[in-house]
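Residue numbers (full-length UniProt numbering): 1 to 314. The beta carbon of each residue, even a glycine, is placed where N, CA and C say it ideally should be. In this text, all values refer to a predicted model and were calculated from it rather than measured experimentally.
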Amino acid sequence: MIDLRQLVMFRQVVESGSFSAAARSMHCTQPAVSQQIKALERTVGGPLFARVGRTLRLTEAGTTLARHAADILDNMAVAQQQVRAVATLETGTVRVCAFPSANATLVPYAAAALKERYPQVRLELLEAEPPESYQVLRRAECDVVVAFTYESELPRAAETGPAEAGMLEVPLLVDSLVLLVPNGHPLAGRRSVQLADLAGETWIAGCPKCRSSFVDACTGSGFNPTIACATDDNLALQGLVAAGLGVALLPSLVLAFLQHPDVVPVRVEPVLRRTVSAYTWPDLARTSAITAMLEALRSAADSIGPTAFPTTSA
């Protein structure tokens, strides 16, 4: 019978592309990885890898095992989550993985409410953007994910999103995007602007998921945006706008905790929105601590409401 640890090492070699990279990621030595792979090859009855020059490639047997390994290990992760859900978390740890602006706004208030109700519960915060955060939940490395979905993604999300994968979705709030321009920009005194009128602007783009939805919105308004640079850092993005290097679209939730003094938010028409939701496995949602965390997130979201932003007086 195939040893589970050997199967984990095998998949790590497949994903990393080499024995040495797999050893580093698993915090062990390369000979230890080689020994486990050789033992796995003896179990299955043939070689799983072949070297072609300096490249490590899967044999036909290796390709077959890689396909099954993904299913087996994914099912093991789900099983781990379901077994873990049986045990009480009242004196354990609640692990929340959220995107940066949620970790700076929603999560702290929810964490305080959880601590008040369950003082013995330890809260562990992780940070990741979707869809990476969904994979963190799949790997049983967190209990609750806070993620966002843009309106343009909804048709695809219905077919391939986390809900389709069996995750429970708890909607929290709707977050609107705003245009950020530097002080002194011709649009800085406007209450609102049509996205189609921004075709001539140079843009600073955000995280890959936000960037993709931003480009889709611009294309839908009849133009392809000229992107000068991109950054995942909300403070850096605002700094680039303040320096006059371009304009940007930024979620209002970010401005709830962080606004550069030299940028001005302007409403964009049509309004671009994203839905912020919490996700967990249905079995986990039945445990008292996870239920309390979801309720605390809903309460924090209700206190914020549909996110708005300060408008100019002009």
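Host beta strand (DSSP E) of residue i (start-end)
i, result
"Thr55", "Thr55 to Leu58"
"Thr226", "Thr226 to Ala230"
"Asp175", "Leu168 to Pro182"
"Leu250", "Ala248 to Pro251"
"Ala205", "Thr202 to Ala205"
"Gln6", "No beta strand (DSSP E) holds Gln6; the alpha helix (DSSP H) holding it covers Leu4 to Ser16."
"Arg190", "No beta strand (DSSP E) holds Arg190; DSSP gives it neither H nor E."
Rounded straight-line distance, which links the Cα of residue j to that of residue i
i, j, result
"Val86", "Ala79", "The pLDDT assigned to Val86 is 45, lower than 50, so where the model puts this residue is not dependable; a value taken from the coordinates is nonetheless given after this. Roughly 11 angstroms between the two C-alpha positions."
"Leu7", "Thr43", "11 angstroms"
"residue 320", "Met9", "For the chain, the structure presents residues 1 to 314; residue 320 sits outside this window and is missing."
"Ala301", "Leu173", "6 angstroms"
"Asp232", "Asp262", "19 angstroms"
"Ala32", "Ala217", "50 angstroms"
"Leu125", "Cys210", "22 angstroms"
"Pro182", "Lys115", "40 angstroms"
"Thr105", "Gly239", "21 angstroms"
"Ser213", "Ala77", "31 angstroms"
"Cys28", "Ala140", "22 angstroms"
"Val178", "Cys142", "31 angstroms"
"Leu123", "Ile290", "11 angstroms"
"Asp3", "Leu40", "8 angstroms"
"Thr59", "Arg5", "20 angstroms"
"Glu129", "Ser25", "21 angstroms"
"Leu284", "Gln81", "7 angstroms"
CB of residue i within 8 angstroms of CB of residue j, strictly
i, j, result
"Ala165", "Leu297", "no"
"Ser20", "Gln12", "no"
"Leu180", "Val136", "no"
"Leu294", "Ala278", "yes"
"Val96", "Val121", "no"
"Ala102", "Val276", "yes"
"Ile204", "Leu235", "no"
"Val266", "Val215", "no"
"Leu195", "Val268", "yes"
Terminal residues of the alpha helix (DSSP H) in which residue i lies
i, result
"Glu151", "First-last for Glu151: undefined, no H or E at that position."
"Val215", "Pro208 to Gly220"
"Leu284", "Pro282 to Ala285"
"Ser303", "Ser288 to Ile304"
"Glu141", "Segment: none, Glu141 is in no alpha helix (DSSP H) and carries neither H nor E."
"Val241", "Asn234 to Ala242"
Residue i beta carbon near the ligand GDP (any heavy atom closer than 7 angstroms)
i, result
"Thr63", "No copy of the ligand GDP appears in this structure; indeed no ligand is present at all."
Residue i, buried or exposed, once every other Cβ within 10 Å from all chains shown has been counted against 16
i, result
"Pro225", "buried"
"Asn75", "exposed"
"Thr149", "buried"
"Arg54", "exposed"
"Ala50", "exposed"
"Met167", "buried"
"Glu201", "buried"
Any alpha helix (DSSP H) of 4 or more consecutive residues that is wholly inside the segment 100 to 132: 100 to 104 and 106 to 117
My parser needs the alpha helix (DSSP H) runs of 4 or more residues fully inside the segment 23 to 51; what are they? Listed in chain order, the complete alpha helix (DSSP H) runs (minimum 4 residues) inside the segment 23 to 51 are 30 to 44.
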